[in-house]
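All the letters of the sequence shown, read from the start, carry residue numbers 1 to 93 under full-length UniProt numbering.
Heads up, the thing below is written out as structure tokens.
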Amino acid sequence: MSSVADLPLSEADKKEMQTFLEGESARARVQATIHDLTNMCWTKCKGTSSISSDFNRGEAACLSNCVERFLDTSLHVVNQINQMGQQGGASGH
């Protein structure tokens, strides 16, 4: 697989493509994190019990708490990505 630098594009287009690819990569990492955390919450709170639309009180509380932590973590990940983007922009990358 060739890199962006090997493509027959102008330097401005190469930079735009690189920025786009970095953004897509960051989004893919966030999606993977969301998927992993969703699986983790389900496994932690529901385990291998039968799939149903009803949760007992303990499962509901566990899922609620896990989702809250998930949201906190997601916000933290997004903030870290934004900070990395700002630092990269400030240094000329």
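Every residue, glycine too, gets a C-beta built ideally from N, C-alpha and C.
**Request:** Evaluate the contact criterion for the segment 1-15 versus the segment 24-31: three or more CB pairs, one atom per stretch, below 8 Å.
**Result:** no
**Message:** Our contact map puts CYS66 next to LYS44 with C-beta atoms below 8 Å; I'd like the distance itself, whole angstroms only.
**Reply:** Working through the sequence shown from its first residue, we reach residue 66 at position 66. Working through the sequence shown from its first residue, we reach residue 44 at position 44. Right, their Cβ atoms sit about 6 Å apart.
**Item:** the segment 64-80 contacting the segment 26-37, beta-carbon criterion three pairs below 8 Å
**Value:** With the rule of 3 Cβ pairs closer than 8 Å, the segment 64-80 counts as touching the segment 26-37.
**Request:** Alpha carbon to alpha carbon, how far is GLU16 from LEU62? Give it in angstroms, no decimals.
**Result:** Start at 1 with the first residue of the sequence shown, and residue 62 comes out as number 62. Start at 1 with the first residue of the sequence shown, and residue 16 comes out as number 16. Residue identity differs from the one stated: residue 62 is Cys in this sequence, not Leu. Each residue's Cα considered, the two are about 44 Å apart.
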